[in-house]
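Under UniProt numbering, think of the first position of the sequence shown as 1, with each following residue one higher. First up is the structure itself, then whatever we jot down about it.
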Amino acid sequence: MHRDEITFPFKRYQIQPVWRADRPQKGRYREFYQCDADVVSSDSLLNEVELMQIVDTVFTRFGIRVCIKINNRKVLSGIAEIIGESDKIVDITVAIDKLDKIGLDNVNAELKEKGISDEAIAKLQPIILLSGSNEEKLATLKEVLAVSETGLKGVEESEFILSTLKN
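What follows is the structure, encoded as structure tokens:
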């Protein structure tokens, strides 16, 4: 409607009440306030950096200590590729996303339920259990994803974001 009137990339933020469509339950209210910050029509990784800086600034000003975790879809695609389950990328990422809530055994059970082979699940374990500094994790991912052009591109993007955030 107003596309010709907007300068791109378009950056916006808002804080407003929103409503949950699903059934309210403990800690998940029907109505709540949500803050959104978006950048439209740009592929620049600098926008990703800026959004993380916004999150960090907001929580710092509130005096709340947080750990901001990042991922990269290209890394996730590369992982699915190297374990031989590219077509199951959504099932894999949905299951891994639940790791903190349901634990490794239940993640593995969900992967199996979704038709991921035992061999692929076994290949996934060292990746899911990666530990160490960001630099160590990225170095390991570089080795693991050496045969995946897409995965390596994702590692490169993650390195750029983290190095830019340090400066």
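Note that CB positions come from ideal geometry on N, CA and C, so glycine has one too.
Judged by DSSP secondary structure, Ile-15 falls within the beta strand (DSSP E) whose first and last residues are 10-19. Here Ala-122 carries a helix assignment [DSSP, helix/strand/coil]. The shortest CA-to-CA distance from Ile-96 to any of Asn-108, Arg-73 and Glu-85 is the one to Asn-108.
Per DSSP, Glu-31 is one residue of the beta strand (DSSP E) stretching across 31-40. Inclusion of Asp-56 and Ile-68 in the CB contact set at 9 Å is warranted, their separation being smaller than that value.
Taking C-beta atoms as the reference points, Gly-151 and Gly-103 fail to come closer than 9 Å. Contact between Leu-130 and Thr-140 is confirmed by a C-beta separation of about 6 Å, below the 8 Å threshold.
The residues Leu-45, Leu-46 and Val-49, in chain order, have a CB closer than 8 Å to that of Thr-164 in the same chain once the five nearest residues on each side in sequence are set aside. Each of Leu-138, Ala-120, Asn-167 and Arg-20 was checked against the Cα of Tyr-33, and the nearest Cα belongs to Arg-20. Around the beta carbon of Ile-92, 16 or more other beta carbons lie within 10 angstroms, which makes this residue buried.
Judged by beta-carbon spacing, Gly-154 lies beyond the 9 Å limit of Leu-162, meaning their Cβ atoms are not closer than that value.
The residue from Ile-116, Ile-70 and Asp-105 with its alpha-carbon nearest to that of Val-90 is Ile-116. Here Leu-111 is buried: its Cβ has 16 or more other Cβ atoms, across all protein chains shown, within 10 Å. A check of alpha carbon separations from Ile-83 across Thr-60, Asp-118, Val-66 and Lys-98 identifies Asp-118 as the nearest.
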